[in-house]
Amino acid sequence: MATFDRIKAIIVDQLGVDEADVTMDASFVDDLGADSLDIVELVMALEEEFGLEIPDEEAEKIRTVGDAVNFIQDRL
Amino acid sequence: MSKRVVITGMGVISPVGTGLDNFWNALTAGVSGIARITRFDPSEYSTQIAGEVKDFDYSKYIDKKEGRRMDKFSQYAVVAAAMAIEDAGMDLQSLDKDRTGVIVGSGIGGMETFEEQCRVLVNRGPSRISPFLIPMMIANMAAGQIAIKFGLRGPNITAITACASSGNAIGDAFKLIQRGGAEVVITGGTEAPITPLSVAGFCAMKAMSTRNEEPVRASRPFDADRDGFVMGEGAAMMVLETLEHAQKRGANIYAEIVGYGSSCDAYHITAPDPEGSGAAAAMKMALADGDLKPEDVQYINAHGTSTPVGDVAEVVAIKKVFGDHAYKLTVSSTKSMTGHMLGAAGAVEGIATVLAIRDDLVPPTINLENPDPACDLDFVPNQARKMTVHVALSNSFGFGGHNVTLAFKKFRP
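Read top to bottom, the protein sequences are chains A and B. At position 2 of the first sequence the residue is numbered 2 (the UniProt record's numbering), and the sequence of numbers has no breaks. At position 31 of the second sequence the residue is numbered 31 (the UniProt record's numbering), and the sequence of numbers has no breaks.
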């Protein structure tokens, strides 16, 4: 599965949003209704899915789905 | 001038059924909700039976994302509150939400979440702990979630007095409204304790029945062969409001709540005072608060957990308060059917008591085949009884020595 699809599946599951709303430029907070706790949980789920660590200072820069996809693709 | 307080809505999720009608039909038919535990494999446990909620589906009231952020005890609470608000015919648009509070009891809180995250800590370390551990686990979150769900901004409180929790919650809600601190309060209790750790904890205390081969016969309050309580789970919520508020909106009134007694044995962490002094004090206080004489009471919904010591202590207390009248009134323990719903027990039994008043029908104590000679009152054995019920009490006692009595009365304008 492409990186984007794997990330999308996690977002749909954790945030309870429609697949169609999970686009590259969707903002986690403004478009997908995530709060600060959701983002912590999401980052943990991404770390597990991709077997990597996302430091807090990097996690803070992830605002959109595209930010997450790019961050992870750069490190795979 | 203190306000009169009435009950206008009720919602139940219990081992004998979900929804007021299913619940009451089962209780008055003498149906047990106890069976072998399915939530986890109980083979290694001395007690392998419980009253599990079987038909719970929160999707009508809670969306998937909200549901994932709630421990089961909060899910039960929110759904029971939604059912009670619906039953009350409450129009949420016109409700003054600043004058509407929530007071909920829970003995333990989010046990399932707590255990799951303990396993994560041990197996995978602290960095894998969910950010939702704390907000899902803390016992006050059921009240918080109900307020968030319906936008209720009035006083929001949680009573934690073990198995008396929801008795205290309802009593405190009654007093809050009576003194003008709120117009409407959603109140009751919730518990979801059927988890590997908490069942093991109660097993270790030897507090529970080990009649594993006969689950429906295991909870047998006041019977000579009783051997401990059977754990139950679920939630029960009531809508309490001032009489004026209920009348103004043309609400159906189930009954009036008129008395609240609350005391402590100050005796032992888990054992009741065998003299029943604290329990008797709570009953006396509820009668005095409701301006009632002992002879006014027709029915007591007992705490009656089916433990050897507890049932006798309650009988002693009832005799202390009621004298000769103790032999004229009826006493039953609906825990014989629901099991012991711990922090939700006071509320689910409060609802059974209110329905007994509504229908002039007292639910039975099932499995009462061979009464303990020390328990010699009329426990309405095995068959519901049609009889006039004007005034009824509901008792709830908890570890720590907490005692609560609520007094309900048929509504007369």
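We put the beta carbon where it would ideally sit given N, CA and C, even for glycine.
Rounded C-beta distance between residue 225 of chain B and residue 370 of chain B? I'm assuming under 8 Å. The C-beta separation of residue 225 of chain B from residue 370 of chain B comes to about 6 Å, placing the pair in contact by the 8 Å criterion.
With a cut-off of 8 Å, do at least 3 Cβ pairs link the stretch 74-86 of chain B to the stretch 180-193 of chain B? Verdict: yes, contact present.
Residue 264 of chain B - DSSP class collapsed to helix/strand/coil: For residue 264 of chain B, the secondary structure class from DSSP, reduced to helix, strand or coil, is strand.
Separation of residue 379 of chain B from residue 214 of chain B, as counted between CA atoms: For residue 214 of chain B and residue 379 of chain B, the distance between alpha carbons rounds to 22 Å.
Identify whether residue 119 of chain B lies in helix, strand or coil by the three-state DSSP scheme. Here residue 119 of chain B sits in helix by DSSP.
Should residue 430 of chain B be flagged as near chain A, meaning a C-beta pair shorter than 8 Å? There is simply no residue 430 of chain B to check, as chain B begins at 1 and stops at 413 in what is shown.
Whole-angstrom distance between residue 212 of chain B and residue 107 of chain B, CA atom to CA atom: Their Cα atoms are separated by approximately 25 Å.
Distance, Cα to Cα, residue 227 of chain B vs residue 218 of chain B? The C-alpha of residue 218 of chain B is placed about 8 Å away from the C-alpha of residue 227 of chain B.
DSSP has residue 94 of chain B in a bridge; who is on the other side? Answer by DSSP bridge pairing: none, since residue 94 of chain B is not bridged.
Return no unless some Cβ of chain B is closer than 8 Å to the Cβ of residue 37 of chain A. It does; some Cβ of chain B falls within 8 Å.
For residue 83 of chain B and residue 254 of chain B, what's the separation of their Cα atoms in angstroms? Residue 83 of chain B and residue 254 of chain B: Cα-Cα distance of roughly 15 Å.
Residue 402 of chain B - containing beta strand (DSSP E), residue span: For residue 402 of chain B, the enclosing beta strand (DSSP E) starts and ends at 402-409.
Sort B/87, B/31 and B/168 by Cα distance to residue 407 of chain B and report the nearest one. Closest option to residue 407 of chain B, Cα to Cα, is B/168.
Please confirm if residue 65 of chain B has its CB atom under 8 Å from at least one CB of chain A. Under the Cβ criterion of 8 Å, residue 65 of chain B is counted among the residues facing chain A.
Under 8 Å between C-beta atoms, does residue 132 of chain B make it to chain A? Closer than 8 Å: yes.
Just verifying my parser: in three-state terms, what is the DSSP assignment at residue 24 of chain A? Coil.
Helix, strand or coil for residue 340 of chain B, going by three-state DSSP, please let me know. If DSSP states are grouped into helix, strand and coil, residue 340 of chain B belongs with the strands.
What does residue 119 of chain B reach in chain A if we use C-beta pairs closer than 9 Å? None at all; the shortest Cβ gap to chain A is about 15 Å.
By the DSSP assignment, the beta strand (DSSP E) with residue 393 of chain B in it spans what residues? Going by DSSP, residue 393 of chain B is part of the beta strand (DSSP E) stretching over 391-398.
Where does residue 40 of chain B land, buried or exposed, given buried means 16+ other C-beta within 10 angstroms? With fewer than 16 other Cβ atoms within 10 Å, it is exposed.
Residues near residue 72 of chain B in its chain [Cβ-Cβ closer than 7 Å; skip 5 each side]: The beta carbon of residue 72 of chain B is closer than 7 Å to those of 112 and 192 in its chain, skipping five residues each way along the sequence.
Kindly give me the distance between the Cβ atoms of residue 138 of chain B and residue 109 of chain B, rounded to whole angstroms, as I take these residues to be in contact under 8 Å. Their Cβ separation, rounded to whole angstroms, is 6 Å, which keeps residue 138 of chain B and residue 109 of chain B in contact under 8 Å.
Short CB-CB distance (under 8 Å) between residue 77 of chain A and chain B: Residue 77 of chain A lies beyond the residue range present for chain A, which begins at 1 and ends at 76; the question has no answer from this structure.
Alpha carbon to alpha carbon, how far is residue 293 of chain B from residue 284 of chain B? Each residue's CA atom was taken as its position, placing residue 293 of chain B and residue 284 of chain B some 9 Å apart.
Quick one: is residue 330 of chain B buried, meaning 16 or more other Cβ sit within 10 Å of its Cβ, or exposed? Under this definition residue 330 of chain B is a buried residue.
Interface partners of residue 24 of chain A on chain B, CB under 9 Å: Result: empty, since nearest Cβ-Cβ is about 22 Å, beyond 9 Å.
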